[in-house]
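2 protein chains.
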Amino acid sequence: MPNVVGGMAPDRNRRRIPDATVSRLPVYLRILSEQGDEGVDSISSERLAELAGVNAAKVRKDLSYLGSYGTRGVGYEVAYLVYQIRRELGLTHDWPVVIVGAGNLGQALAGYGGFSERGFPVGGIVDIDESKVGTVLGGVRVRHIDELPQIVQTKRVNIGVIATPGAAAQDAADRLVRAGVTSILNFAPTVLSVPRGIEVRKVDLAVELQILSYHEQRKAGATVHAVPGGGPRSATA
Amino acid sequence: MPNVVGGMAPDRNRRRIPDATVSRLPVYLRILSEQGDEGVDSISSERLAELAGVNAAKVRKDLSYLGSYGTRGVGYEVAYLVYQIRRELGLTHDWPVVIVGAGNLGQALAGYGGFSERGFPVGGIVDIDESKVGTVLGGVRVRHIDELPQIVQTKRVNIGVIATPGAAAQDAADRLVRAGVTSILNFAPTVLSVPRGIEVRKVDLAVELQILSYHEQRKAGATVHAVPGGGPRSATA
DNA sequence: CGGGCTTTGTGAACGTGTGCACGAATGCCT
DNA sequence: AGGCATTCGTGCACACGTTCACAAAGCCCG
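Taken in order, these protein sequences are the chains called W and Z.
62 is the number that the numbering used here gives to position 62 of the first sequence; each next residue is one higher, with no gaps.
Position in the second sequence counted from 1, then plus 1000, gives you the numbering used here.
Below you can see the structure in the form of structure tokens.
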């Protein structure tokens, strides 16, 4: 593991990478992979920044956390950067995921090929509804949620995806945690409560749309000056 | 309740709400709506914070931006807060959306009822593939992408949803902007370049999974204990 | 009616993230 | 070989976000 770079403290550098940086590394990775495929083998922070839609200094600072060095006056070697980022993100091997919920979203996720393609093969899909069990989605048979522990163990699954209705999400999370999953990607519009050490990320469609709505409303409000009924008419209690 | 805030500047309070706060308001709104449905009519910042999984002081500061005041010693009136947040987020009327891309994801989005339910009815779905045109998804007929301007105009659409493959996303964005859309929700793994004033939000499955992967990899590296399913079986370098 | 209890609203401290600006390192050209 | 152009790495200042801590404001009870 210590691929020592000279006399500097080797692993000391591998300490905490800021969250903001971690969330940008996948973007850099995708761009660098594309550039690599196109035959580009060296890239400057400025070019990468342009492609990623961020500031060049930010790119350099982000990359500096990797301990992966570029060459001054030249830039970064694309292949080496790709390797470093993949390594830091833990993408040197596959992470099978298990999907809970075989409804609309679960089906779409299972059918979406980009999952396994990017190193996250669907190790299983489960649903609580007996009538869904047995159907095949994206080449994977839907199994009953009670089989979750078994799936997680045999397939060495660390990541669970919750694609249930909101009301069922907490139960799904509990089951996932009990089965041994330590990271959860939650598509349900619910705040999950999980034990310490379990990583949860939320993708909430409604929240995103409502944020956009806020900005739209703001634009509209700036234009329209005299809004009829501008104040709260009554408490409506 | 004296909801008429006497001498204070009324609309002066409509200053910029911090981004971080805007992104939490939808969460508060959902929780408050649920609480309201359950008959709760007053709630403290502490309780709301617990349900939202955040700090109580943060809740109070967030709500203070609304200019909507609680009652000291008591808490916030649920119905009034709901009204205020909905108003601030621009949710007092519907925002029809148009979906670009009738593939796997587009179909799932169209079929997902929660869209219209939450005030974002699907005003149209378009695809560039002639063979998809005419099929019906979630009660909406797929039309050709060339009809985008017409759909946007007649349905008064401000928000576009990109559900295309990555390679087609920039073109979709360009078409949406040309058609008059000013907010975009992008599901494609691509950094979009859009004119100033166009709001873009990104939902990237791969990025989320890779962030989780990072944390998993980190855990595995820190605690190397031989629990089955606990760590990466081999580094596979 | 006043004291005590509760809970808000917010100033201030702290932590995180961003962007500039510049020294340092490297390659290239003469 | 030396100078020049380029680009990285990073110290620093600033902006933004979070959390604490406490005074102010209201309710309740005796």
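All residues carry an ideal CB built from backbone N, CA and C; glycine is no exception.
CB of residue i within 7 Å of CB of residue j, strictly
i, j, result
"Y65/W", "T21/W", "yes"
"G1073/Z", "P1096/Z", "no"
"V142/W", "K132/W", "yes"
"V278/W", "V203/W", "Outside the displayed span of chain W (1 to 237) sits residue 278/W, for which this structure offers no information."
"E238/W", "L1185/Z", "One cannot answer for residue 238/W here, as it falls past the ends of chain W, which runs 1 to 237."
"L1192/Z", "A1173/Z", "yes"
"L1239/Z", "V1078/Z", "A query on residue 1239/Z cannot be resolved here, the shown segment of chain Z reaching from 1001 to 1237 and no further."
"N1158/Z", "E216/W", "yes"
"R1175/Z", "L1148/Z", "yes"
Distance between residue j and residue i (C-alpha atoms, nearest Å)
i, j, result
"G111/W", "I125/W", "11 Å"
"A56/W", "E50/W", "8 Å"
"G160/W", "G103/W", "16 Å"
"R118/W", "D41/W", "22 Å"
"Y76/W", "R15/W", "22 Å"
"D1129/Z", "A1206/Z", "25 Å"
"L89/W", "L1109/Z", "29 Å"
"V1140/Z", "F187/W", "24 Å"
"G1101/Z", "I1162/Z", "7 Å"
"G1134/Z", "G1053/Z", "44 Å"
"Q1107/Z", "D1127/Z", "11 Å"
"D171/W", "V200/W", "15 Å"
"D1146/Z", "V1152/Z", "11 Å"
"V1098/Z", "L81/W", "38 Å"
"G114/W", "S1068/Z", "45 Å"
"R87/W", "Q1210/Z", "11 Å"
"I1085/Z", "D19/W", "29 Å"
"P1121/Z", "E1034/Z", "21 Å"
"V1169/Z", "H1144/Z", "Per the sequence shown, residue 1169/Z should be read as Ala rather than Val. So the alpha carbons of these two residues sit roughly 16 Å apart."
"G1138/Z", "I43/W", "45 Å"
"S23/W", "H1093/Z", "34 Å"
"P1002/Z", "S1116/Z", "Here P1002/Z scores only 37 on pLDDT, less than 50, and its place in the model is too uncertain to base an answer on."
"R218/W", "I1017/Z", "11 Å"
"D1037/Z", "L1091/Z", "18 Å"
"I1198/Z", "Y1028/Z", "26 Å"
Buried/exposed call for residue i, threshold 16 Cβ in 10 Å
i, result
"G70/W", "buried"
"A39/W", "The identity of residue 39/W in the sequence shown is Gly, whereas the question assumes Ala. Exposed, by the Cβ-count rule."
"P238/W", "Given a span of 1 to 237 for chain W in the structure shown, any question on residue 238/W remains unanswerable."
"A179/W", "buried"
"R1030/Z", "buried"
"T1164/Z", "buried"
"Y214/W", "buried"
"T182/W", "buried"
"R1196/Z", "exposed"
"P1026/Z", "buried"
"A1167/Z", "exposed"
"Q150/W", "exposed"
"D62/W", "buried"
"V1059/Z", "buried"
Any non-hydrogen atom of the ligand NAD within 6 Å of residue i CB
i, result
"P1165/Z", "Although the ligand NAD was asked about, the structure shown includes no ligands whatsoever."
Could you please tell me which residues of the stretch 156-182 of chain W, in chain order, have their CB closer than 7 Å to any CB of chain Z? R156, N158, I159, G180 and T182
Let me know the beta strand (DSSP E) ranges lying completely inside the stretch 1166-1231 of chain Z, each 3 residues or longer, listed in chain order. 1183-1186 and 1199-1202
Name the residues in the stretch 43-57 of chain W whose C-beta lies less than 8 Å from a C-beta of chain Z; which are they? L51, A52 and G53
Taking Cβ-Cβ distances below 8 Å as the criterion, which residues of the stretch 89-103 of chain W are in contact with chain Z? L89, G90, L91, T92, H93, W95 and V97
Contact list for the stretch 1205-1220 of chain Z against chain W, Cβ threshold 9 Å: L1205, A1206, V1207, E1208, L1209, Q1210, I1211, L1212, S1213, Y1214, H1215, E1216, Q1217, R1218, K1219 and A1220
Closer than 7 Å, Cβ to Cβ, to anything on chain W: give me those residues from the stretch 1012-1036 of chain Z, in chain order. V1022, S1023, P1026, V1027 and R1030
Please specify which runs of the alpha helix (DSSP H), each continuous and at least 4 residues long, are wholly inside the stretch 1069-1150 of chain Z, giving them in chain order. 1078-1088, 1104-1111 and 1114-1117
Of the residues that make up the stretch 1135-1150 of chain Z, which ones have a beta carbon closer than 8 Å to any beta carbon in chain W? none
Segments assigned alpha helix (DSSP H), at least 4 residues, entirely inside the stretch 1019-1054 of chain Z: 1019-1037 and 1045-1052
For the stretch 118-132 of chain W, which residues have a beta carbon sitting closer than 7 Å to at least one beta carbon of chain Z? R118 and F120
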